[in-house]
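The opening residue of the sequence shown carries number 15 in this note's numbering; numbering runs sequentially from there.
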Amino acid sequence: MNALGDLLSGLDWSPLFISLKTGVVATFVSFFLGIFAARKVVRAGAKTKAIADGILTLPMVLPPTVAGFFLLLLFSTRRPVGMFLLNH
15 MNALGDLLSG LDWSPLFISL KTGVVATFVS FFLGIFAARK VVRAGAKTKA IADGILTLPM
75 VLPPTVAGFF LLLLFSTRRP VGMFLLNH
């Protein structure tokens, strides 16, 4: 047991605490933004509700690889956004 205590006492715990703090803050922000968005969607009209529902569920159904590929295309130097960022 003493060897385990010596091993754990020499570790830098700050990355763990930063990760925990970040996770807690992200959870609270997501929770309250989700409640706000849900209330807006419930009170919206049928067409707006369908569009908002599609936008809000997109991150759950769109794989990160596809999103990364889309960002690569969007910020490419051959696209308007990429050219704008390159020039400014």
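Note that CB positions come from ideal geometry on N, CA and C, so glycine has one too. Nothing here was measured: the structure is a model prediction, and the numbers come from that model.
Hey, could you find the ends of the alpha helix (DSSP H) residue i is sitting in?
i: Ala58; result: First-last for Ala58: undefined, no H or E at that position.
i: Phe83; result: 78 to 88
i: Arg26; result: The question names Arg, but residue 26 in the sequence shown is Asp. Where Asp26 is concerned, there is no enclosing alpha helix (DSSP H), given that its DSSP letter is neither H nor E.
Report all residues from its chain with a CB closer than 8 Å to the CB of residue i; omit the five preceding and five following residues, and keep chain order.
i: Thr41; result: none
Roughly how far, in whole angstroms, is the beta-carbon of residue i from the beta-carbon of residue j, given that I think they are within contact range, below 8 Å?
i: Ala66; j: Val55; result: 5 Å
i: Ser90; j: Gly96; result: 5 Å
i: Leu70; j: Ala58; result: Not a contact, Cβ separation roughly 11 Å.
Out of curiosity, what's the CA-to-CA distance linking residue i and residue j?
i: His102; j: Phe84; result: 22 Å
i: Leu25; j: Val38; result: 23 Å
i: Ser28; j: Leu21; result: 16 Å
i: Ser23; j: Ile32; result: 18 Å
i: Pro94; j: Pro77; result: 25 Å
i: Leu47; j: Asn16; result: 47 Å
i: Arg92; j: Leu30; result: 41 Å
i: Arg53; j: Leu34; result: 29 Å
Ordered along the chain, which non-local residues of its own chain (more than five positions away) have a Cβ less than 6 Å from that of residue i?
i: Lys63; result: Val55
Which same chain residues, not among the five before or five after residue i, have their C-beta less than 7 Å away from its C-beta?
i: Thr99; result: Residue 99 is actually Leu in this sequence, not Thr. Same-chain partners within the cutoff: Phe89.
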